[in-house]
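Heads up: the sequence shown runs through residues 264 to 545, numbered per my numbering. Ideal Cβ placement from N, Cα and C applies to all residues, glycine included. All values reported here derive from a predicted model rather than from experimental measurement. Data first, discussion second: the structure below is written as structure tokens.
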Amino acid sequence: MRIFDPHIHMTSRTTDDYEAMHAAGVRAVVEPSFWLGQPRTSPASFFDYFDSLLGWEPFRAAQYGIAHHCTLALNPKEANDPRCLPVLDELPRYLVKDQVVAVGEIGYDSMTPAEDTALAAQLQLAAEYGLPALVHTPHRDKLVGLRRTLDVVRESALDPECVLVDHLNETTVKEAKDSGCWLGFSVYPDTKMDEERMVAILRAYGPEQVLVNSAADWGRSDPLKTRKVGELMLAEGFTEDEVDRVLWRNPVAFYGQSGRLALDVQATDATHEGNSVLRGGE
Numbered sequence: 264m265r266i267f268d269p270h271i272h273m274t275s276r277t278t279d280d281y282e283a284m285h286a287a288g289v290r291a292v293v294e295p296s297f298w299l300g301q302p303r304t305s306p307a308s309f310f311d312y313f314d315s316l317l318g319w320e321p322f323r324a325a326q327y328g329i330a331h332h333c334t335l336a337l338n339p340k341e342a343n344d345p346r347c348l349p350v351l352d353e354l355p356r357y358l359v360k361d362q363v364v365a366v367g368e369i370g371y372d373s374m375t376p377a378e379d380t381a382l383a384a385q386l387q388l389a390a391e392y393g394l395p396a397l398v399h400t401p402h403r404d405k406l407v408g409l410r411r412t413l414d415v416v417r418e419s420a421l422d423p424e425c426v427l428v429d430h431l432n433e434t435t436v437k438e439a440k441d442s443g444c445w446l447g448f449s450v451y452p453d454t455k456m457d458e459e460r461m462v463a464i465l466r467a468y469g470p471e472q473v474l475v476n477s478a479a480d481w482g483r484s485d486p487l488k489t490r491k492v493g494e495l496m497l498a499e500g501f502t503e504d505e506v507d508r509v510l511w512r513n514p515v516a517f518y519g520q521s522g523r524l525a526l527d528v529q530a531t532d533a534t535h536e537g538n539s540v541l542r543g544g545e
């Protein structure tokens, strides 16, 4: 089983996770930029973070045979903080980087006017730079948030086929599918989706344009949830081809729209800017 996790925050994970993911069949990941758990206080902290997603994290992933790409953006939560808004002015210089395969995560957290502005501006940047967009739907009032998201997408210059609407569930999947956007589902231990619900949605709506991710981060999460979904799909009668479509070919097709997806893991030096992933070794 080959797996491409299209939404996982590896900055928050250890090299043990990379090792376990590779053993489970994960060969590629996309890491969206996101909130770190406490507010950033200046744009400079974003830029250091972006640089790590473009350098250190691909290096770490390559040590374990995993191709790493990222999406960059001003995330919805911090779009409400005026201290962070200058990130929007500097974002274009990052969107030309080879490892960047989409603009994201963008979308809504609390559905404020500031989030409206940031979402529209970044959808426009995606269109200008020929990139798809990864859109975060809010964890509260999900159907209202989805409808508001789709309204902004329709008003943008970006084709719905270039938009991945993430964190969907049973209440939002139908309208998202009808919009023509790609459908993203995050599978978590206690919140969002679980394996059984995910397989039920696949049975009801089919595997077309569906991406399954672990969204693993610094909270209670599981970077092997993609594998567990694939195993349950097989146990419930889905074919190996359908599993491969959901867990590999669909994310390749979506992020491949960037023209930058490179799935062959390149050999790296033993260190990155003098630093190694090893601790206590020779």
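Please confirm whether residue 307 has its beta-carbon closer than 9 Å to some beta-carbon of chain D. Structure shown: chain D not included; a single protein chain is present.
Using DSSP's beta-bridge definition, name the partner residues of residue 365. Sequence index remark: in the sequence shown, residue 365 carries index 102 (1-based). Note: residue 365 sits in a beta bridge opposite 334.
If I measure Cβ to Cβ from residue 286 and keep anything under 7 Å in the same chain, skipping five residues before and after, which residues do I get? Here residue 286 refers to the residue found at position 23 when the sequence shown is read from its first residue. Taken in chain order, the list of residues that qualify is empty.
What is the DSSP secondary structure of residue 267, counted as helix, strand or coil? Here residue 267 corresponds to residue number 4 of the sequence shown, with the count starting at 1. In this structure, residue 267 counts as strand in the three-state DSSP scheme.
What whole-angstrom Cβ distance do residue 462 and residue 446 have, given they're in contact under 8 Å? On the sequence shown, position 199 is the one that residue 462 refers to. On the sequence shown, position 183 is the one that residue 446 refers to. The pair is not a contact, with the Cβ atoms about 14 Å apart (cut-off 8 Å).
I'd like the span of the beta strand (DSSP E) that includes residue 308, first residue to last. Numbered from its first residue, the sequence shown carries residue 308 at position 45. Taken as a continuous stretch (DSSP letters only), residue 308 belongs to no beta strand (DSSP E), being part of the alpha helix (DSSP H) at 306–317.
Candidates 487, 421 and 473: closest to residue 452 by CA position: As a first step, residue 452 must be located in the sequence shown, where it is residue number 189. Measuring from the Cα of residue 452, the nearest candidate turns out to be 487.
Could you check if residue 370 is buried or exposed, using at least 16 other CB atoms within 10 Å of its CB as the buried criterion? To locate residue 370, count along the sequence shown from 1; it is residue 107. By the 10 Å Cβ count, residue 370 comes out buried.
Can you tell me which of 266, 432, 404 and 503 puts its alpha carbon nearest to the alpha carbon of residue 457? Counted from its first residue, the sequence shown places residue 457 at position 194. The shortest Cα separation from residue 457 among 266, 432, 404 and 503 belongs to 432.
Proximity winner among 408, 529, 391 and 404, relative to residue 398 (alpha-carbon distances): Residue mapping note: residue 398 aligns to position 135 of the sequence shown, counting from 1. Taking only the C-alpha atoms, the option nearest residue 398 is 408.
Go ahead and label residue 301 buried or exposed: buried means 16 or more other beta carbons lie within 10 angstroms of its beta carbon, across all protein chains shown. Translated into the one-based positions of the sequence shown, residue 301 becomes position 38. So residue 301 counts as exposed.
CA-to-CA distance, residue 500 to residue 274, given in whole angstroms: Along the sequence shown, read from residue 1 onward, the residue named residue 274 stands at position 11. Along the sequence shown, read from residue 1 onward, the residue named residue 500 stands at position 237. Approximately 35 Å between the Cα atoms of the pair.
Which class does residue 427 belong to by DSSP, given the choice of helix, strand or coil? Locating residue 427 in the sequence shown gives position 164, counting from the first residue. Residue state, collapsed to three classes: strand.
Run through DSSP, which three-state label would residue 465 get? Residue mapping note: residue 465 aligns to position 202 of the sequence shown, counting from 1. Helix, per DSSP.
Going by beta-carbon coordinates alone, are residue 382 and residue 334 separated by less than 9 Å? Locating residue 382 in the sequence shown gives position 119, where the first residue counts as 1. Locating residue 334 in the sequence shown gives position 71, where the first residue counts as 1. No, the pair does not count as a contact, with Cβ atoms beyond the cut-off.
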